[in-house]
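Down below is the structure, laid out as structure tokens.
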């Protein structure tokens, strides 16, 4: 296999490629506008974070990695780690809201949309972004797609496979946006809630990871049914998958906790200086 | 609430398939595409799915040097076919090689002869087989070659069962019991479809 074979999408998706290009374009345009209006704006780290996040979504969804993720449990767990944890967090830290600045003028503004769309969407958004519902949904989705029967159907049906991956990505954005989005600058209000949210999501992920790693029977037979990308013992595959769910996934949540603390400290410093 | 809604959607999708007639094996009607292929059979003839229209077809992706899964599944199917209610000649088992490098036409013919007349070995280029397995959401891969030129092959352990019109109907896995396969196979043959 040459490099091109690794980069070739396993299942080409027009919707995916369009979303990827548009998001990249809007962000780049928004960033250029910021640079134009504020010459001294330091955006290198933000931009780097955003682009790494965006490219990593592409890498796990539209290259040879996507093939491996469909036929190897541990690669599947790695794919979800990127889609649900790493990429959305990086993109939120990279200022995903900058995309809004890059939207073309003809792009319909949210405020002028009819009430029948706006009202239910806003209600739904408020519900799923509730500090009690959001962590529940964040962990719940991981568990849901790992229920053996549902996992079996998702891996066998291409449509369900897409639903699974898109839902993980979307939920990742929603959750990290709630925790580390631009609405919270580090004020005292909302600080404790964010800390608790981050703590709450760690334990169930660790339990799940430990369960997958330490169980001595094969839980997901769909990989035996469909075959694996290369010969590997089913239990070894499951143990690797368990470790990916257990350690890096919970470490990402700890990283989230550190980032919340850091934002709070920076805010206190800024306010402190002002008061001095 | 969202979670509940999603569970409901998924369960509905799953049940939508099972609603028509309860099966013991996994019902894959509508979930997996119909049978289509262009391969070479064990007699060296070019064949397509059209050659098997009118038969209930069980498809298995394996290789003749397989130490365990392939012979076990083939023996299991062979024993089941002897117990099928009606004429077992209405059923064909297509053994599609995922190791065309080692599985020649002759080797396939000798291999399937062990299990009975209903068993037919098929082969094709690795790319053709890959394309076919992709359509059925299965795959295969090769391990490292040892000093004697042997290598391991990872492959699907599933048996896809298609009706007489080449529509995907059932999926038997390594954990499916012979009783369940026989029960569903009888129902499928007798249903006339």
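Protein chains in written order, with the numbering used here: chain A, 1 to 276; chain B, 1 to 193. Note that CB positions come from ideal geometry on N, CA and C, so glycine has one too. Here the structure is a predicted model, which means the values were calculated and not measured.
Short CB-CB distance (under 8 angstroms) between residue i and chain A
{"i": "residue 59 of chain B", "result": "no"}
{"i": "residue 158 of chain B", "result": "yes"}
{"i": "residue 152 of chain B", "result": "yes"}
{"i": "residue 37 of chain B", "result": "no"}
{"i": "residue 140 of chain B", "result": "yes"}
{"i": "residue 102 of chain B", "result": "no"}
{"i": "residue 155 of chain B", "result": "yes"}
{"i": "residue 123 of chain B", "result": "no"}
{"i": "residue 18 of chain B", "result": "Reliability fails at residue 18 of chain B, whose pLDDT of 47 lies under 50, so the model's placement of it is uncertain and the value that follows must be treated cautiously. So, not an interface residue."}
{"i": "residue 173 of chain B", "result": "yes"}
{"i": "residue 182 of chain B", "result": "no"}
{"i": "residue 31 of chain B", "result": "yes"}
{"i": "residue 169 of chain B", "result": "no"}
{"i": "residue 62 of chain B", "result": "no"}
As assigned by DSSP and simplified to three states, the class of residue i
{"i": "residue 27 of chain B", "result": "strand"}
{"i": "residue 184 of chain B", "result": "helix"}
{"i": "residue 32 of chain A", "result": "helix"}
{"i": "residue 97 of chain B", "result": "strand"}
{"i": "residue 171 of chain B", "result": "strand"}
{"i": "residue 38 of chain B", "result": "strand"}
{"i": "residue 63 of chain B", "result": "coil"}
{"i": "residue 19 of chain B", "result": "Unreliable positioning characterises residue 19 of chain B in this predicted model, as indicated by a pLDDT of 47, which lies under 50. The coordinate reading is nonetheless provided below. Coil at residue 19 of chain B, not helix or strand."}
{"i": "residue 157 of chain B", "result": "coil"}
{"i": "residue 12 of chain A", "result": "coil"}
{"i": "residue 132 of chain A", "result": "coil"}
{"i": "residue 20 of chain A", "result": "helix"}
{"i": "residue 190 of chain A", "result": "coil"}
{"i": "residue 100 of chain A", "result": "helix"}
Minimum Cβ-Cβ distance from residue i to chain B less than 8 angstroms
{"i": "residue 71 of chain A", "result": "yes"}
{"i": "residue 231 of chain A", "result": "yes"}
{"i": "residue 216 of chain A", "result": "no"}
{"i": "residue 61 of chain A", "result": "no"}
{"i": "residue 157 of chain A", "result": "yes"}
{"i": "residue 227 of chain A", "result": "yes"}
{"i": "residue 237 of chain A", "result": "no"}
{"i": "residue 33 of chain A", "result": "no"}
{"i": "residue 224 of chain A", "result": "yes"}
Beta carbon of residue i nearer than 8 angstroms to that of residue j
{"i": "residue 124 of chain B", "j": "residue 53 of chain B", "result": "no"}
{"i": "residue 84 of chain B", "j": "residue 182 of chain B", "result": "yes"}
{"i": "residue 208 of chain A", "j": "residue 245 of chain A", "result": "yes"}
{"i": "residue 98 of chain A", "j": "residue 34 of chain A", "result": "yes"}
{"i": "residue 8 of chain A", "j": "residue 64 of chain A", "result": "yes"}
{"i": "residue 86 of chain A", "j": "residue 75 of chain A", "result": "no"}
{"i": "residue 57 of chain B", "j": "residue 35 of chain B", "result": "yes"}
{"i": "residue 132 of chain B", "j": "residue 63 of chain B", "result": "no"}
{"i": "residue 265 of chain A", "j": "residue 242 of chain A", "result": "no"}
{"i": "residue 142 of chain A", "j": "residue 90 of chain A", "result": "no"}
{"i": "residue 25 of chain B", "j": "residue 172 of chain B", "result": "yes"}
{"i": "residue 154 of chain B", "j": "residue 106 of chain A", "result": "no"}
Proximity winner among the options, relative to residue i (alpha-carbon distances)
{"i": "residue 72 of chain B", "options": "B:148, B:41, B:178", "result": "B:178"}
{"i": "residue 164 of chain A", "options": "A:59, A:38, A:146", "result": "A:146"}
{"i": "residue 101 of chain A", "options": "A:37, A:122, A:85", "result": "A:37"}
{"i": "residue 156 of chain B", "options": "A:93, A:225, A:200, A:32", "result": "A:225"}
{"i": "residue 279 of chain A", "options": "A:78, A:73, A:125, A:84", "result": "Shown here, chain A extends from 1 to 276; a query on residue 279 of chain A therefore has no answer."}
{"i": "residue 217 of chain A", "options": "A:18, A:234, A:51, A:206", "result": "A:234"}
{"i": "residue 139 of chain B", "options": "B:149, B:145, B:122, B:127", "result": "B:127"}
{"i": "residue 92 of chain A", "options": "A:66, A:171, A:42", "result": "A:171"}
{"i": "residue 82 of chain B", "options": "B:116, B:99, B:66, B:112", "result": "B:116"}
{"i": "residue 69 of chain B", "options": "B:171, B:190, B:159", "result": "B:159"}
{"i": "residue 166 of chain A", "options": "A:229, A:60, A:186", "result": "A:60"}
{"i": "residue 257 of chain A", "options": "A:195, A:223, A:201, A:247", "result": "A:195"}
{"i": "residue 88 of chain A", "options": "A:138, A:110, A:220, A:158", "result": "A:138"}
{"i": "residue 119 of chain B", "options": "B:23, B:165, B:41", "result": "B:41"}
Status (buried if at least 16 other CB within 10 Å, exposed otherwise) for residue i
{"i": "residue 201 of chain B", "result": "Residue 201 of chain B cannot be examined here, being either before or after the span of chain B that is shown, 1 to 193."}
{"i": "residue 18 of chain B", "result": "With a pLDDT of only 47 at residue 18 of chain B, under 50, the local geometry of the prediction cannot be trusted, and no value is derived from it."}
{"i": "residue 238 of chain A", "result": "buried"}
{"i": "residue 128 of chain A", "result": "buried"}
{"i": "residue 177 of chain A", "result": "buried"}
{"i": "residue 169 of chain B", "result": "buried"}
{"i": "residue 1 of chain A", "result": "exposed"}
{"i": "residue 14 of chain A", "result": "exposed"}
{"i": "residue 122 of chain A", "result": "exposed"}
{"i": "residue 6 of chain A", "result": "exposed"}
{"i": "residue 94 of chain A", "result": "buried"}
{"i": "residue 92 of chain B", "result": "buried"}
{"i": "residue 202 of chain A", "result": "buried"}
{"i": "residue 44 of chain B", "result": "exposed"}
{"i": "residue 112 of chain B", "result": "buried"}
Chain C residues whose Cβ lies nearer than 7 angstroms to that of residue i
{"i": "residue 221 of chain A", "result": "Judged by its chain identifiers, the structure shown contains no chain C, and its protein chains are A and B."}
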